[in-house]
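Colleague: Reading the sequence shown from the start, the letters are residues 163 to 317 in my numbering.
Backbone N, C-alpha and C fix where the C-beta goes; we use that ideal spot for every residue, glycine too.
Every value quoted in this text rests on a predicted model; they were computed, and no experiment measured them.
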Amino acid sequence: MRLQISTRLAIFAVLELTAREGRQLSVAEIGQKYGVSSHHLAKVMHVMGRAGLVHSVRGAGGGYQFAGNARRTTLLDVIQLFEDLSSVEQDADPTDATPEGQALREVISEVDDIARATLGSITIATMRKLVDRHAFSGAGRSKAVISRRRNQSRL
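This is the structure in structure tokens:
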């Protein structure tokens, strides 16, 4: 499954906000970490604000805070704000009327249902733990690589 850039940015922003609970983050701070336009990210944050996932704090030191419950909010909740996950295909194809086309449509529909169920079962809190685990193991790997390179340059 491929996600639009807006969807990925929304997930990344929610993960950033939940990592810094109780602190507001500006669009610029989040955008800088991921190397994305503040303008594009502001549009994403606006959509999430309308949906009640984040709320904005205006003024000096303002920014965005996560407004949901990380243990109850799922990836599906975020993704559905930006993606159409319906199984219905938009373009009718003449082959859809054939037994092969109907069988294929049934299989694809089942795959879509499984994907939705999986995304609906993964909470933001679970994703946060997964991110932390990858950051920890990645940091250890990076240190090992740097250490090996230093040792090789000494030889």
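Based on Cα-Cα distance, which residue from E183, I192, I167 lies nearest to I286?
Modeller: Selected option, being the one with the closest Cα: E183.
Colleague: If you follow the beta strand (DSSP E) that F174 is part of, which residue opens it and which one closes it?
Modeller: From DSSP, F174 is part of no beta strand (DSSP E) but of the alpha helix (DSSP H) over 167 to 181.
Colleague: Flag this pair as touching only if the stretch 219 to 237 and the stretch 256 to 269 have three or more C-beta atom pairs under 8 Å; answer yes or no.
Modeller: Not touching, per the Cβ criterion.
Colleague: Please report how far the alpha carbon of S218 lies from the alpha carbon of G193, in whole angstroms.
Modeller: When rounded, the distance between both Cα atoms is 16 Å.
Colleague: According to the Cβ coordinates, are R290 and T169 closer than 8 Å?
Modeller: No, the pair does not count as a contact, with Cβ atoms beyond the cut-off.
Colleague: Using alpha carbons as the reference points, say which of A259, L247, Q186 lies closest to D274.
Modeller: Considering only alpha carbons, the answer is L247.
Colleague: Reducing DSSP to helix, strand and coil, say where V307 ends up.
Modeller: In this prediction, V307 has a pLDDT of 43, which is less than 50 and means its spatial position is unreliable; what the coordinates show is noted afterwards. Helix at V307.
Colleague: Between the alpha carbons of R220 and V293, how many angstroms are there, rounded?
Modeller: Roughly 29 Å separates the two Cα atoms.
Colleague: Measuring CB to CB, does V189 end up less than 8 Å from S200?
Modeller: It is a contact, given that the beta carbons lie within the stated cut-off.
Colleague: Scan the stretch 208 to 249 and note each continuous alpha helix (DSSP H) run of 4 residues or more that stays entirely inside, going in chain order.
Modeller: Qualifying alpha helix (DSSP H) stretches, in chain order: 237 to 241.
Colleague: Are L243 and A175 closer than 8 Å when you measure CB to CB?
Modeller: Not a contact, by the Cβ cut-off of 8 Å.
Colleague: Note the first and the last residue of the continuous alpha helix (DSSP H) segment covering A190.
Modeller: It spans 189 to 196 - the alpha helix (DSSP H) in which A190 sits, taken as one unbroken run.
Colleague: On the CB-based measure, 16 or more other CB atoms within 10 Å of its CB, does M207 come out buried or exposed?
Modeller: Per the 10 Å Cβ criterion, buried.
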